[in-house]
Amino acid sequence: KAGVTQTPRYLIKTRGQQVTLSCSPISGHRSVSWYQQTPGQGLQFLFEYFSETQRNKGNFPGRFSGRQFSNSRSEMNVSTLELGDSALYLCASKVTNWDNEQFFGPGTRLTVL
Amino acid sequence: EDQVTQSPEALRLQEGESSSLNCSYTVSGLRGLFWYRQDPGKGPEFLFTLYSAGEEKEKERLKATLTKKESFLHITAPKPEDSATYLCAVQAEKDDKIIFGKGTRLHILP
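So the sequences go chain by chain: A and B. Under the working numbering, the first residue of the first sequence is numbered 1080, with each subsequent residue one higher. Under the working numbering, the first residue of the second sequence is numbered 921, with each subsequent residue one higher.
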């Protein structure tokens, strides 16, 4: 069974640009969550989607947004990039939103210059 | 405010030297506490979920325990391949958000 896949794996952008990251969950998983991981702040929750609906959101500015498609694939978008957005962005999937065991993808390493 | 604090930040052990990692948490209503392992360049790998004080779970050389204020991850006779960052997270009943600690970097010397 294929795991969670994230594309691209690495990305370099400049300040002010926008970026879209993609996540394909494990087959049969309908819940997708996004996290930002930095050395200083650790893993921080961005948002969770289940059945194409955002059901939870962390404390990030509105520049961070996401969506989920009918096939459970998810994208997150960051607009007007700032240097501080440089981080590893992780996607995790689980079968349902009330499930406990999350499976993480390898992440997308975003560098903002 | 809900929060998770892990200690120590880093730990170096000799192969076979048992130890424990600590995860202290403050949450208004615990739905679950999770332990993950993260290797460099990879996403976290799920290890355990604990739901209530007194619960224990084991997997190979790892055993996780839970009290009302903290969780311990006990590592018995570790091997170099146990070297990784171990992350603790809690899920709050009120909003289902999952809050992670900053992790403990564990290095096992051969």
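Where a beta carbon is used, it is the ideal one built from N, C-alpha and C, also for glycine. These figures come from a predicted structure and were not determined experimentally.
Residue nearest to residue i in terms of C-alpha spacing, selected from the options
i	options	result
residue 967(B)	961(B), 1017(B), 945(B), 981(B)	981(B)
residue 969(B)	1186(A), 1182(A), 1190(A)	1182(A)
residue 1094(A)	1178(A), 1164(A), 1187(A)	1164(A)
residue 1119(A)	1027(B), 937(B), 972(B), 929(B)	929(B)
residue 1134(A)	1111(A), 1140(A), 1115(A)	1111(A)
residue 1113(A)	1081(A), 1091(A), 1150(A), 1137(A)	1137(A)
residue 1117(A)	1020(B), 931(B), 1030(B), 1029(B)	1020(B)
residue 1192(A)	1082(A), 1091(A), 1083(A), 1081(A)	1091(A)
residue 956(B)	977(B), 1005(B), 990(B), 987(B)	1005(B)
residue 937(B)	979(B), 926(B), 999(B)	999(B)
residue 1150(A)	1131(A), 1126(A), 1082(A), 1178(A)	1131(A)
residue 949(B)	962(B), 973(B), 960(B)	973(B)
7 Å CB neighbourhood of residue i in its chain, flanking five on each side removed
i	result
residue 1096(A)	1160
residue 1185(A)	1085, 1088
residue 1166(A)	1115, 1116, 1117, 1189
residue 924(B)	943, 945, 1008, 1009, 1010, 1019, 1020, 1021
residue 1030(B)	935, 1000
Where residue i falls: helix, strand or coil (DSSP)
i	result
residue 952(B)	strand
residue 965(B)	strand
residue 1154(A)	strand
residue 1001(B)	helix
residue 1160(A)	coil
residue 1095(A)	coil
residue 1187(A)	strand
residue 936(B)	coil
Neighbourhood of residue i by C-beta distance below 8 Å, restricted to the same chain and skipping five residues each side
i	result
residue 940(B)	992, 993, 994, 995
residue 931(B)	939, 941, 1024, 1025, 1026, 1027
Spatial neighbours of residue i in its chain, beta-carbon cut-off 6 Å, leaving aside the 5 residues before and after
i	result
residue 947(B)	922, 1010, 1012
residue 1144(A)	1156
residue 952(B)	969, 971, 1011
residue 964(B)	956, 958, 1007
Rounded Cβ spacing between residue i and residue j (contact assumed at less than 8 Å)
i	j	result
residue 1139(A)	residue 1017(B)	About 12 Å; that fails the 8 Å criterion.
Okay, do the region 1089 to 1108 of chain A and the region 1143 to 1159 of chain A touch, 3+ Cβ pairs below 8 Å being the bar?
-> They touch, by the three-pair rule.
Examine the Cβ distances between the region 1174 to 1184 of chain A and the region 1105 to 1112 of chain A and report whether three or more of them are shorter than 8 Å.
-> yes
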